Amino acid sequence: MSSISIDRRAVDPRPPVQDRPHDAAIEIHGVRKSYGGREVLRGIDVAVRPGEFFGVLGPNGAGKTTLIEIIEGLRKPDSGEVEVLGASPHQRRSALLRRVGVQTQKGAFFTRLTAREHLLTMASLYHVSPSQADQTLALVGLTGQACVRVEKLSGGQKQRLAIAGALVHEPDVIFLDEPTASLDPQARRDLWTVLGDLRAQGRTIIYTTHHLDEAEALCDRVAILVAGEVRALDTPHLLKAASRGTAQVRVPVGHLEPTRGAALIGVLNTRTEGGALVLETDRPSDVLLQVSELCGHDGVETRTPNLEDVYLELAADQTDHEETTR
316 MSSISIDRRA
326 VDPRPPVQDR
336 PHDAAIEIHG
346 VRKSYGGREV
356 LRGIDVAVRP
366 GEFFGVLGPN
376 GAGKTTLIEI
386 IEGLRKPDSG
396 EVEVLGASPH
406 QRRSALLRRV
416 GVQTQKGAFF
426 TRLTAREHLL
436 TMASLYHVSP
446 SQADQTLALV
456 GLTGQACVRV
466 EKLSGGQKQR
476 LAIAGALVHE
486 PDVIFLDEPT
496 ASLDPQARRD
506 LWTVLGDLRA
516 QGRTIIYTTH
526 HLDEAEALCD
536 RVAILVAGEV
546 RALDTPHLLK
556 AASRGTAQVR
566 VPVGHLEPTR
576 GAALIGVLNT
586 RTEGGALVLE
596 TDRPSDVLLQ
606 VSELCGHDGV
616 ETRTPNLEDV
626 YLELAADQTD
636 HEETTR
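According to the working numbering, the sequence shown is numbered sequentially starting from 316.
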């Protein structure tokens, strides 16, 4: 893993007031929450723009679930304010509930019903027509399984059905809680297509996941929670740019002597790892050119910092925090 140093000023989670969107789909100001004297959320400030695919990331215990439940209106904060589509979610007004869709990681299903019957039952709660339910089944790619009992669906198909239940009434804001959890790689990729379609429709989506490649591919912006605080909030691209992490040029062992690699201009550190001589550098283009001149480019790979690197560096802060508070 490459060394990362996060420039926290470049990813300040609290933009100046004048820069915050006045028509935000979701606004969170100064939200705090404690359980048994332990502060789980420590002054959260976030504004989610209309039509944004917004990721919420963080290690276990960072406060993600509590924050999402507060936004959904399932828990009340000890202090602070939350607005969803201009209204408080904690008053549980039907007008707002009809504009919000929620998919939980452990979806509740009518397992004896077919996929279509299940979705029709969900649709009836919102007075949605059967034709709209059928369109939603098509959207998530379940038309071919419409007459299959829910208990016979695969894990990936059940996840799609759970998403359909959150979408059937065409909400403006959608909460998706780790929708690809426990799926095999192909099922994950298939579900990515569905999520990409939702993103293209301009729905406002709040998305939690432990798959960093997923967040990097799908999310417009991500907030990384650590120890109850938003430590970084920006686009995946800008978070990576702000990391100031070192790139790697990986040369197959035996192609280049370690001493010669260490002497190359721009190389900061070297090590052997996984059958490769790893050259750490902040000038990958220059180093790659020198390597090519010395030993060619067969088997040579470059690696630049990704969102996982940023996440792991910030998540390490939570481990340090837990150690100091024991």
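Here a beta-carbon is modelled for each residue, glycine too, at the ideal position from N, C-alpha and C. All of these numbers come straight from a predicted model, not from anything done at the bench.
In this structure, the CA atom of Q516 is about 11 Å from the CA atom of D487. In the DSSP assignment, T523 is bridged to V371, D492. Segment contact: the region 381-394 against the region 448-465, fewer than three CB-CB distances shorter than 8 Å; contact not assigned.
By alpha-carbon distance to A631, the top candidate from Y350, G373, G358 is G373.
Shown here, A438 sits in a helix according to DSSP, grouped into three states. Nearest to G456 by C-alpha distance, out of V443, K467, Q474, is Q474. When DSSP states are grouped into helix, strand and coil, G611 belongs to the coil group. D512: member of the alpha helix (DSSP H) spanning 500-515, first to last residue. Just so you know, the alpha carbons of A481 and G401 end up roughly 20 Å apart. Per DSSP, P567 is not a residue of any alpha helix (DSSP H); the beta strand (DSSP E) it occupies stretches across 562-567. P494 is positioned such that its CB atom lies closer than 9 Å to that of Q418.
Following the DSSP letters along the chain, one finds A340 in no beta strand (DSSP E), marked with neither H nor E. When D528, V483, H484, R518 are compared, the shortest CA-CA separation from R503 is found for D528.
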